[in-house]
Amino acid sequence: MRKAFVAGNWKMHGSKASIMTLVSDLNSKVSEVGAIDIAVCPPAIYIDFVSRTLATDKISIGAQNMAIEPEQGAFTGEQSVAMLKDMGCNYVVLGHSERRAIYGETDAEVAAKVAVALSSNVTPILCVGETLDERESGVMEQVIATQLDAVISEVGIDAFDKVVIAYEPVWAIGTGKTASPAQAQEVHAFIRTKLAGLNAAVAEKVIIQYGGSVKPDNAVELFSQPDIDGGLIGGASLNADDFIAICKAAG
Ligand code: PGA
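Here you go:
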């Protein structure tokens with residue numbers, strides 16, 4: 027049995043005041059959630075503030091990105107994996123479609139970052155997913171396979187027992203258009219089957235989150251699919267009631 031995992035990706039949102047309110051609400055409500063894993067991923071500059079404000083060990087902290095360079099050095103504007111770990115991060119989101127599309131991160135760079143995270147025992151949340159064009163032109167599976175293969179060839183399939191995968195169809199992110207539970211399940215099963223072809227035990231264990239307009243009213247149906255093990259939540263993770271409701275749906 028895989029333990030469900032729900033992570034909130036706050037993206038570039040929030041202020042000290044709004045984050046204080048959000049974290050206080052999470053502190054008081056998280057006891058309503060059953061035995062699942064939960065993380066929040068604040069903007070990097072607020073990681074320490076969140077870690078000081080969180081009063082529960084039920085919620086871990088993740089970063090939204092990380093330097094590709096494994097060691098500290100002259101890399102203006104970057105944060106190393108060791109720094110993230112030092113400030114209490116157990117997870118790092120890598121290869122989010124916004125980083126791929128807006129900042130031009132390539133499959134090879136994402137794969138290199140996954141290797142750096144793993145080398146410091148920070149769990150990568152590896153995002154994969156297709157655009158609407160790619161889905162409609164029939165290359166969805168090829169795109170996702172290519173994104174996964176880059177990482178598999180960098181770190182090896184066995185390392186995937188320490189990787190979380192987030193399937194996030196690009197057309198469903200922040201658009202209010204969710205993949206139907208059947209559409210999402212189809213891709214999750216594709217991912218798991220692909221990994222199983224290389225290592226069945228790892229494929230059985232690996233957590234595959236769904237992300238893309240998950241809300242309290244669609245979470246139960248999505249999370250009840252056999253290969254969906256929780257979610258990576260953007261917009262709805264900025265509201266404590268919604269985030270807790272989604273966590274409960276995974277429990
Ligand atoms: P969304 O974002 O829930 O706002 O669609 C999900 C994500 O980008 O991780």
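Position one of the sequence shown corresponds to residue 27 (our numbering), numbered consecutively onward.
Just so it is clear, CB atoms sit at the ideal spot from N, CA and C, and this is done for glycine as well.
Remark: the shortest separation between the CB of Glu-156 and any heavy atom of the ligand PGA does not fall under 7 angstroms. Counting along the chain, Asn-35 sits inside the beta strand (DSSP E) bounded by residues 31-35.
Within the segment 158-191, complete alpha helix (DSSP H) segments of at least 4 residues are found at 158-162 and 166-181, given in chain order.
Between the ligand PGA and Gly-223, a heavy atom-to-CB distance of less than 7 angstroms is absent. The nearest non-hydrogen atom of the ligand PGA is less than 7 angstroms from the C-beta of His-122. Between Asp-253 and Val-181, the alpha-carbon positions lie close to 23 angstroms from each other. Asn-91 carries a coil assignment under DSSP once its states are collapsed to helix, strand and coil. DSSP assignment within the segment 45-96 yields the following whole beta strand (DSSP E) runs of 3 residues or more, N-terminal first: 63-67 and 85-89. When beta bridges are read from the DSSP output, Gln-235 appears opposite Ala-192. Look at Val-154 here: in three-state DSSP terms it is strand. Annotation for Leu-264: no alpha helix (DSSP H) segment contains it, and DSSP assigns it neither H nor E. Inclusion of Met-113 and Ser-77 in the CB contact set at 8 angstroms is warranted, their separation being smaller than that value. A residue is called buried once 16 or more other Cβ atoms fall within 10 Å of its Cβ, and Met-166 is buried on that count.
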